[in-house]
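Take a look at the structure set out below.
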Amino acid sequence: MSQIQQVRKGSTHLLILSVLAEEKKYGYQIMRELELRSEGYFTMTAALLYPALHQLEAQGLVTSKWQANPGKRRRKYYTVTPKGRKALAQNRVEWQTFLNNLFKTLGTSAKESEA
Amino acid sequence: MTLDDYLQVLSKKLNGFPPADRALLLEEIGSHIESGEEDPKLGIDRGQRRERLMSELGSPGQMAKGFRTVYQPGGLIDYLLIVIPYLLNQPINLLLVSLMTRHPWADARLVVLFHLCLLAVGFARRSPLLTLFWLADLAVQLMGVLWYSGVYYGPLQTTCGCILLVGLIFLLGRTTWQHRQDPLVVSFGLQPFFMGTLSIGLAIVHLHATSPFLPFELILLQLNEHFAGFLYFGVVVALAPFFLVKNRDIRWGAWGIYWVFAGFYRNWLDYQITYPGYVYYVWALFPLLVVIMGWIFDGGRRRVSMVSP
Chain A
657 MSQIQQVRKG
667 STHLLILSVL
677 AEEKKYGYQI
687 MRELELRSEG
697 YFTMTAALLY
707 PALHQLEAQG
717 LVTSKWQANP
727 GKRRRKYYTV
737 TPKGRKALAQ
747 NRVEWQTFLN
757 NLFKTLGTSA
767 KESEA
Chain B
817 MTLDDYLQVL
827 SKKLNGFPPA
837 DRALLLEEIG
847 SHIESGEEDP
857 KLGIDRGQRR
867 ERLMSELGSP
877 GQMAKGFRTV
887 YQPGGLIDYL
897 LIVIPYLLNQ
907 PINLLLVSLM
917 TRHPWADARL
927 VVLFHLCLLA
937 VGFARRSPLL
947 TLFWLADLAV
957 QLMGVLWYSG
967 VYYGPLQTTC
977 GCILLVGLIF
987 LLGRTTWQHR
997 QDPLVVSFGL
1007 QPFFMGTLSI
1017 GLAIVHLHAT
1027 SPFLPFELIL
1037 LQLNEHFAGF
1047 LYFGVVVALA
1057 PFFLVKNRDI
1067 RWGAWGIYWV
1077 FAGFYRNWLD
1087 YQITYPGYVY
1097 YVWALFPLLV
1107 VIMGWIFDGG
1117 RRRVSMVSP
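Going down the list, the sequences are from chains A and B. In our numbering, each number is its position in the first sequence, counted from 1, plus 656. In our numbering, each number is its position in the second sequence, counted from 1, plus 816.
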């Protein structure tokens, strides 16, 4: 696994929390939202997403609730808990610090690197 | 593989999960597939959507493995497969002692065979915790048998015992290495082996030691003597949250308490054979210190996994 792949895998929980921060979503919605927001850069297989969601739930960072979907299978909606919001805020700052320092060390800025 | 096949394979791969939990996991993945089949963004027709969905699911094995790391199915059975033999250990030893006078074969070799059976169960259940527990326990037992009674069993049996011991240590190392990403499993595998080996080492070094205990140590050891039964069963109780709870902090706490009970209980045994006083501290404090370090390392690792590779 390359270093970039490792970073992407390591950021799974953070990405899920950030997608769930605005409103409750079910697994499929989270997957599409991630893809949309990152313009296809962050794609996640269901095999990675669902165990990660259950892990976050076990850690108390998200809660879930089944909701009926008339004529179809029920959907399981996930919501970020206050503990999850706190962890997300803290990790956003840490990521920002990490990226700022990385770009500073590399001698470029995040915007320049995008260009 | 079709999507229906996928759910069937996933259901098989989730064996060991309670049926109700398995049904809920399958329902959630089924709902995911249903949502994808209805999503026009995935393709113009059902065939295209199904193809895209399949490529996005990941393998059923990978998904089941992910769920296993969260739920640890079969934790209760693993716990019972450790606790019941532990509780039977003393009656079995007494039985063997009574049998040995008439049947010379009823000795430590039977205990080793019994442990081998438990180890086989661990491998059959593909349970790393069960396997590691009995691997470490058997390796330490065998080491003790070879050291104290190697001459008694003669060169052939001693050589076989040594080969078995090397094999067990290899398997212990390999199983631990396979789970190196989980410090809790690593600690569960290596710590009992290390402490057992240390115990035999100390016994060798202090073979003819007298008992130079300080008054404070004597008071604590006498307290241990009074509470030996409590400590013996305390070990069993402390292991329960380790196997049955999902929260890692609670599991680390249970593992630490296990070592406090095991350490103090061990000290009571050591007191009977008069080791010097410092052994007391090694047994009571060193394992707890290692567990606390492991817990801090694991906590840092979990936090880092959210912010960096």
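Just so it is clear, CB atoms sit at the ideal spot from N, CA and C, and this is done for glycine as well.
Only residues of its own chain outside the window of five on either side were considered, and among them V1051, V1052 have a CB closer than 8 Å to the CB of Y902(B), listed in chain order. Along the region 879-896 of chain B, going in chain order, the ones with a CB nearer than 9 Å to a CB of chain A are M879, A880, K881, G882, F883, R884, T885, V886, Y887. No Cβ of chain A is located within less than 8 Å of the beta carbon of I860(B).
Shown here, Y734(A) sits in a strand according to DSSP, grouped into three states.
Boundaries of the alpha helix (DSSP H) harbouring V825(B): 819-829, taken from the DSSP string. Annotation for S720(A): the continuous beta strand (DSSP E) segment containing it runs 718-723.
Judged by DSSP in its simplified three-state form, K1062(B) adopts coil rather than helix or strand. At a C-beta separation below 8 Å, G727(A) has no neighbours in chain B, since its nearest C-beta there lies roughly 11 Å away.
In the three-state reduction of the DSSP assignment, Y682(A) falls in the strand class, which pools E and B. The region 924-943 of chain B makes contact with the region 886-897 of chain B; the number of CB pairs closer than 8 Å reaches 3 or more.
For S847(B), the nearest beta carbon of chain A is closer than 8 Å to its own beta carbon. For Y697(A), the nearest beta carbon of chain B is not closer than 8 Å to its own beta carbon. Apart from sequence neighbours up to five positions away, the residues of its chain that approach Q994(B) with a beta-carbon distance below 8 Å are P944, ordered along the chain.
Going by DSSP, E843(B) is part of the alpha helix (DSSP H) stretching over 835-853. For Y902(B), the uninterrupted alpha helix (DSSP H) segment begins and ends at 891-916. Under the three-state reduction of DSSP, T701(A) is assigned to coil, being neither helix nor strand. Between F1077(B) and A1054(B), the gap from beta carbon to beta carbon is short of 8 Å. Not a single CB atom of chain B sits nearer than 8 Å to the CB of Q723(A). With its beta carbon less than 8 Å from one in chain B, K732(A) belongs to the interface. In the DSSP assignment, S674(A) falls within the alpha helix (DSSP H) that extends over 668-676.
Going by DSSP, I1016(B) is part of the alpha helix (DSSP H) stretching over 999-1021. At a Cβ-Cβ threshold of 8 Å, W1075(B) and V1098(B) do not count as neighbours. Annotation: the continuous alpha helix (DSSP H) that includes H931(B) extends over 924-940. A distance below 8 Å between beta-carbons, with the five flanking residues on each side excluded, links L709(A) to the following residues of its chain, in chain order: I672, G683, I686, V718, S720, Y734. Only those residues of the region 676-693 of chain A whose C-beta falls short of 9 Å from the nearest C-beta of chain B are listed: Y682, G683, Y684, Q685, M687, R688. When C-beta atoms of the region 867-886 of chain B are compared with those of the region 923-934 of chain B, fewer than three pairs fall below 8 Å, so the two segments do not count as touching. In this structure, the alpha-carbon of E850(B) lies about 8 Å from that of R729(A).
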